[in-house]
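Reviewing the structure listed below.
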Amino acid sequence: AQTVTQSQPEMSVQEAETVTLSCTYDTSENNYYLFWYKQPPSRQMILVIRQEAYKQQNATENRFSVNFQKAAKSFSLKISDSQLGDTAMYFCAFTRLGGGSNYKLTFGKGTLLTVNP
Amino acid sequence: DSGVTQTPKHLITATGQRVTLRCSPRSGDLSVYWYQQSLDQGLQFLIQYYNGEERAKGNILERFSAQQFPDLHSELNLSSLELGDSALYFCASSDRQAQETQYFGPGTRLLVL
Chain L
1094 AQTVTQSQPE MSVQEAETVT LSCTYDTSEN NYYLFWYKQP PSRQMILVIR
1144 QEAYKQQNAT ENRFSVNFQK AAKSFSLKIS DSQLGDTAMY FCAFTRLGGG
1194 SNYKLTFGKG TLLTVNP
Chain X
5 DSGVTQTPKH LITATGQRVT LRCSPRSGDL SVYWYQQSLD QGLQFLIQYY
55 NGEERAKGNI LERFSAQQFP DLHSELNLSS LELGDSALYF CASSDRQAQE
105 TQYFGPGTRL LVL
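Protein chains in written order, with the numbering used here: chain L, 1094 to 1210; chain X, 5 to 117.
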């Protein structure tokens, strides 16, 4: 079974600064995807960024980027130029690929990020 | 807006009752997933349907059931409700070409009194 661990229950950052959220995972699989989802106060789950395990290049989406370290099973999210709208709970998630996969997501417990003005 | 719709947004009911939550996936998506988000359990996978057929079950109670209809919308039925079933229930969908990436609906907040 896969597990996802987010060791930082809460973090805060000043507006316009950079913050990094940590995520580690445990799996014996070789083919998988990792995701960061954002859940603002509205409670909507919003996909932020995704990374395929096969790709060595770290994914980037505008101000959001990841540091994917496959050997260390680490998948951190960096938010640059933080904005007040980035205030949300951030969830790291894992899904395995390959035969027999149903693509269900396994989530970490989340990190509550507060961006202060 | 993800394109996934869920109704109702809020539901308040009493213990022992039965409720039905509805989900319409994004246009063209064949897969529907149901997740439960509660304070003590976090986000947990319940069940998945693909093109009308059940594909996988997760931590779904026997009191809960689901189905996916020919028009691909899905319903999650929760019966004999208990206080502990109070949670946010999400539906997500993915398309056949990229099944690993799921897009979530706004959720249904269930409160059992």
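Beta carbons: idealized from backbone N, C-alpha and C, even for Gly. This one's a predicted model, so the numbers in the text were calculated from it and none came from an experiment.
Taking 9 Å as the CB-CB cut-off, is L/Tyr1183 touching chain X? Counting from 1 along the first sequence, the entry for residue 1183 of chain L is found at position 90. Look at L/Tyr1183: its C-beta is not under 9 Å from any C-beta on chain X.
Requested in this report: Reducing DSSP to helix, strand and coil, say where X/Gly46 ends up.
Outcome: Walking along the second sequence from the start, residue 46 of chain X turns up at place 42. In the three-state reduction of the DSSP assignment, X/Gly46 falls in the strand class.
Which residues bound the beta strand (DSSP E) around X/Glu125? Because chain X in this structure spans residues 5 to 117, residue 125 of chain X falls outside the shown range and cannot be described.
Nearest candidate by alpha-carbon position, reference L/Pro1134, set L/Thr1096, L/Ile1172, L/Asp1179, L/Phe1128: In the first sequence, the residue the question calls residue 1134 of chain L occupies position 41. Comparing Cα-Cα distances from L/Pro1134 to each of L/Thr1096, L/Ile1172, L/Asp1179, L/Phe1128, the minimum goes to L/Asp1179.
For X/Pro110, go through chain L and note every residue whose CB falls closer than 9 Å to its CB, in chain order.
As a working mapping, residue 110 of chain X is identified with position 106 in the second sequence. What X/Pro110 touches in chain L: Ser1135, Arg1136, Gln1137, Met1138.
* **Per DSSP, the bridge partner or partners of L/Leu1205** => In the first sequence, residue 1205 of chain L corresponds to position 112, counting from 1. The secondary-structure analysis by DSSP pairs L/Leu1205 across a beta bridge with L/Glu1103, L/Met1182.
Given a cut-off of 9 Å on the beta-carbon distance, is the pair X/Leu85 and X/Arg67 in contact?
Against the second sequence, residue 85 of chain X aligns to sequence position 81. Against the second sequence, residue 67 of chain X aligns to sequence position 63. For X/Leu85 and X/Arg67, yes; Cβs fall inside 9 Å.
Length of the line joining the Cα atoms of L/Val1106 and X/Thr19 | Numbered from its first residue, the first sequence carries residue 1106 of chain L at position 13. Numbered from its first residue, the second sequence carries residue 19 of chain X at position 15. Just so you know, the alpha carbons of L/Val1106 and X/Thr19 end up roughly 42 Å apart.
With H, G and I counted as helix, E and B as strand and the rest as coil, what does DSSP make of X/Leu87?
Locating residue 87 of chain X in the second sequence gives position 83, where the first residue counts as 1. Helix, per DSSP.
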